[in-house]
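Here's the structure, in structure tokens; my notes come after.
Residue numbers (our numbering): 1 to 498.
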């Protein structure tokens with residue numbers, strides 16, 4: 001960097017020696033000493049006007065030198081900052097190897113590109129300042145050429161950086177697709193082996209089994225389409241039995257974790273993964289992440305009320321609103337770690353359900369089966385589980401399965417309530433998770449999968465069920481000191497109308 005200040009001074013003194021200007025400095029012979037240093041003498045005229053011009057030039061040179069040192073200081077500071085960015089890039093590369101979703105959320109950016117861009121910006125500023133100070137046509141033409149070349153280099157660098165980032169994102173998306181398909185293939189192989197060794201194949205929509213047996217490892221499909229900041233939301237498939245639709249839906253909430261305003265529909269799994277061929281709809285009146293889709297209608301909690309709402313996905317039109325008798329709302333009894341999920345809708349082989357709590361139940365989880373057309377409550381069951389102590393729940397073949405968190409990376413399906421028999425049971429089925437909170441859980445009878453929205457990431461699990469020869473665990477033994485009544489069926493209030 002040392003030759004540059006001298007070069008700046010020489011450029012500023014060009015106007016003293018260029019053709020067409022008065023010759024204030026003339027060539028004189030010089031000598032070289034034994035150390036190789038050149039010595040020469042410069043004779044300046046004695047009139048005051050050239051000396052004043054020289055003083056102005058020297059003052060200008062000092063001013064530009066000060067600005068140059070500021071730019072150099074900025075480059076030094078940025079060089080230190082790039083060390084941190086290098087570490088971030090290394091962490092991201094490690095995340096790509098180990099599939100860490102949190103680290104993958106960080107945007108890709110090359111420190112080398114940023115450093116070059118900063119240097120070129122400094123060069124542009126310096127060239128512009130020199131040009132504004134130039135008073136000679138020859139020097140002005142040279143500076144103009146240099147300024148044009150720097151501008152072209154900056155544009156080329158920007159195009160290269162943009163191309164590099166786009167290529168990286170496209171490559172990462174292709175890798176995600178391949179890894180997803182590989183995981184699907186691996187899980188299909190595991191399912192085939194498990195079916196040969198234990199239970200026969202279970203047709204879609206069939207309840208010819210003895211209850212939930214185990215849950216597969218999680219398959220991370222991708223980050224939701226709105227980004228990592230949108231941690232709350234829901235996703236899944238149509239949960240109606242024997243549904244011929246291959247529709248996938250994704251509904252991230254706003255960053256406040258409450259307001260449900262947009263959702264997307266994808267016609268196939270490949271379209272979902274590649275983020276193409278989708279329909280995006282704005283709704284603007286949903287509350288919480290308790291959504292589900294049943295027979296091409298989306299059901300959810302209407303914002304700020306205890307009402308159930310129904311939207312036709314074909315036209316994105318609100319077709320029905322109805323109060324849920326006795327249900328609390330506005331975050332009164334939501335799940336542990338998941339706010340605003342007062343009404344949790346679910347679909348399975350037996351129909352459409354809603355999971356909630358009431359003041360009468362003292363916050364314990366209540367299960368009601370709904371008429372999908374009118375949203376009338378057909379039948380209701382009360383459980384012994386306090387809803388805010390649960391991390392989530394889902395329905396499968398008319399059985400409620402409740403979860404609790406064991407750690408930041410593991411859940412336990414610990415409780416089951418069979419609405420057919422009115423019996424509740426203890427379970428211990430472990431479920432691994434990628435991030436801390438399961439914002440929503442939706443079951444699909446067509447493929448016997450759980451669709452989980454895990455802190456912004458779309459994850460699914462394969463469910464395995466017991467054969468009919470196996471029996472469900474024994475009912476819970478009543479506590480001798482307890483006064484709690486066993487779960488019972490509650491007839492709906494037919495007179496309740498919206």
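Here a beta-carbon is modelled for each residue, glycine too, at the ideal position from N, C-alpha and C.
- Residue 272 and residue 457 do not touch by the CB rule: their CB atoms are close to 13 Å apart, not below 8 Å.
- In terms of Cβ geometry, residue 347 and residue 369 do not form a close pair [threshold 8 Å].
- The secondary-structure analysis by DSSP pairs residue 282 across a beta bridge with 262.
- Taken through DSSP and simplified to helix, strand or coil, residue 76 comes out as helix.
- In the structure shown, residue 456 falls within a coil segment according to DSSP collapsed to helix, strand and coil.
- Collapsing the DSSP output to three states places residue 245 in coil.
- Check the Cα spacing between residue 409 and each of 463, 432 and 462: the tightest is with 432.
- Under the three-state reduction of DSSP, residue 445 is assigned to coil, being neither helix nor strand.
- For residue 335, there is no enclosing alpha helix (DSSP H), as DSSP marks it with neither H nor E.
- Comparing C-alpha distances from residue 278 to each of 249, 39 and 178 shows the shortest one belongs to 249.
- Counting the other CB atoms within 10 Å of its CB gives residue 217 a total below 16, which places it among the exposed residues.
- Note: residue 353 is bridge-paired with 346 and 369 in the DSSP secondary-structure output.
- By the neighbour-count criterion, in which a residue is buried when 16 or more other Cβ atoms sit within 10 angstroms of its Cβ, residue 341 is buried.
- Within the model, the alpha-carbon separation for residue 320 versus residue 246 is close to 25 Å.
- For residue 152, the three-state secondary structure derived from DSSP is helix.
- Rounded to whole angstroms, the separation of the alpha carbons of residue 338 and residue 380 is 24 Å.
- Ranking 226, 240 and 331 by CA distance to the CA of residue 359 puts 331 first.
- Contact between the segment 397–417 and the segment 309–319 is absent: fewer than three C-beta pairs spanning the two stretches fall below 8 Å.
- About 7 Å separates the Cβ atoms of residue 383 and residue 400, confirming a contact at the 8 Å cut-off.
- Put simply, of 300, 180, 77 and 60 the residue whose alpha carbon is nearest the alpha carbon of residue 312 is 300.
- In this model, residue 148 and residue 254 are separated by some 46 Å (Cα to Cα).
- Between residue 233 and residue 289 a beta carbon distance of about 6 Å is seen, short of the 8 Å cut, so the two are scored as contacting.
- The residue among 334, 362 and 394 with its C-alpha nearest the C-alpha of residue 353 is 394.
- In the same chain as residue 209, and ignoring 5 residues on each side of it, the C-beta atoms closer than 8 Å to its own belong to 199, 202, 397, 465, 466, 467 and 468, in chain order.
- For residue 431, the uninterrupted beta strand (DSSP E) segment begins and ends at 423–432.
- When the beta-carbon positions are compared, residue 343 and residue 308 come within less than 8 Å of each other.
- Residue 269 and residue 159 have their C-alpha atoms some 33 Å from each other.
- Beta-bridge partners assigned by DSSP to residue 212: 465.
- The secondary-structure analysis by DSSP pairs residue 420 with nothing; it has no beta-bridge partner.
- In the three-state scheme derived from DSSP, where H, G and I count as helix and E and B as strand, residue 322 is classed as strand.
- For the options 123, 180 and 176, the alpha carbon positioned closest to that of residue 152 is the one of 123.
- Within the same chain, Cβ atoms closer than 6 Å to the Cβ of residue 177 are found at 273, the five residues on either side in sequence being excluded.
- Non-local C-beta neighbours of residue 126 in its own chain, meaning closer than 6 Å and more than five positions away in sequence, are absent.
- Residue 63 carries a helical assignment under DSSP once its states are collapsed to helix, strand and coil.
- Residue pairing of residue 410 in beta bridges, as defined by DSSP: 407 and 432.
- Non-local C-beta neighbours of residue 74 in its own chain, meaning closer than 8 Å and more than five positions away in sequence, comprise 118 and 122, ordered along the chain.
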